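The numbering used here puts the first residue of the sequence shown at 5, with every later residue one more than the last. Note that the Cβ used here is the ideal one computed from N, Cα and C, for glycine as well. Bear in mind the structure is a predicted one, so any value in this text is a computation, not a measurement. Here's the structure, in structure tokens; my notes come after.
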Amino acid sequence: MKKLFFAVMAALGLLASCDKDLDIQQAYSFSLETMPVPKRIGVGETAEIRCTLVREGEYADARYTIRYFQPDGKGELRMDDGTVFLPNDRYPLERFSFRLYYTSRSDDQQTIDVYIEDNMGQVVQKSFTFQNDSDTGGEEQ
5 MKKLFFAVMA
15 ALGLLASCDK
25 DLDIQQAYSF
35 SLETMPVPKR
45 IGVGETAEIR
55 CTLVREGEYA
65 DARYTIRYFQ
75 PDGKGELRMD
85 DGTVFLPNDR
95 YPLERFSFRL
105 YYTSRSDDQQ
115 TIDVYIEDNM
125 GQVVQKSFTF
135 QNDSDTGGEE
145 Q
């Protein structure tokens with residue numbers, strides 16, 4: 005009788021500890037890696053920014069958006085597919101490797117802040133600063 009009692013209690017304990025819902029991690033950390041970019045560009049010149057979104061894990065329903073803000077200077081940022089970004093507007097990011105092109109419209113120092121956000125609310129930021137280049141050759145970082 006004792007064996008039956010312990011067997012029933014063990015079975016009840018196992019059943020009570022089971023959960024039908026699986027804990028699936030949905031939010032994985034990520035970062036934005038870039039190749040070195042020119043430190044100096046002149047008015048009308050364009051700097052290419054090669055970007056890779058590096059994710060620590062993969063979740064099938066993860067969605068990413070990109071936006072930028074320009075606190076200093078004046079210029080235009082566009083995606084390699086030709087999309088011209090408006091400051092602080094979000095655009096869907098469909099690929100993990102992409103290129104951005106920044107065209108200077110100012111002879112002052114220029115700074116752009118690029119933000120990547122996922123649908124879980126995580127945000128990464130990368131800033132780029134360009135000095136005016138009155139010469140034809142820019143320096144690489």
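**Item:** Range covered by the beta strand (DSSP E) that runs through residue 85
**Value:** Looking at the DSSP string, residue 85 is not in any beta strand (DSSP E), and its letter there is neither H nor E.
**Message:** Suppose contacts are defined by Cβ-Cβ distances below 8 Å. Is residue 71 in contact with residue 32 by that definition?
**Reply:** Taking 8 Å as the Cβ cut-off, residue 71 and residue 32 do not qualify as a contacting pair.
**Asked** Which residue spans inside the region 50-83 form an unbroken beta strand (DSSP E) run of at least 3?
**Response** 50-59, 68-76, 79-83
**Prompt:** Cβ of residue 13 versus every heavy atom of the ligand HEM: is any distance shorter than 7 Å?
**Reply:** The ligand content of the structure shown is nil, which means the ligand HEM is not present either.
**residue 125 versus residue 110 - alpha carbon distance** = Looking at the two C-alpha atoms, the distance is approximately 33 Å.
**Request:** Give the C-beta separation of residue 79 and residue 106 to the nearest angstrom, bearing in mind that I take them to be a contact with Cβ-Cβ under 8 Å.
**Result:** 6 Å
**Asked** Taking the C-alpha atoms as reference points, what is the distance between residue 13 and residue 6?
**Response** One C-alpha to the other measures close to 11 Å.
**Request:** Would you kindly work out how many angstroms separate the C-alpha atoms of residue 49 and residue 41, rounded to a whole number?
**Result:** 13 Å
**Under the three-state DSSP convention, the category residue 12 falls into** = helix
**Request:** Taking the CB atoms as reference points, tell me whether residue 55 and residue 103 lie closer together than 8 Å.
**Result:** yes
**Asked** Apart from the five residues on each side of it in sequence, which residues of its chain come closer than 7 Å, Cβ to Cβ, to residue 4?
**Response** Missing from the structure shown is residue 4; the chain here goes from 5 to 145 and no further.
**Message:** For residue 67, which residues in the same chain have their Cβ closer than 6 Å to its Cβ, ignoring the five residues on either side in sequence?
**Reply:** Closer than 6 Å at the Cβ level, and outside the excluded window around residue 67, lie 123.
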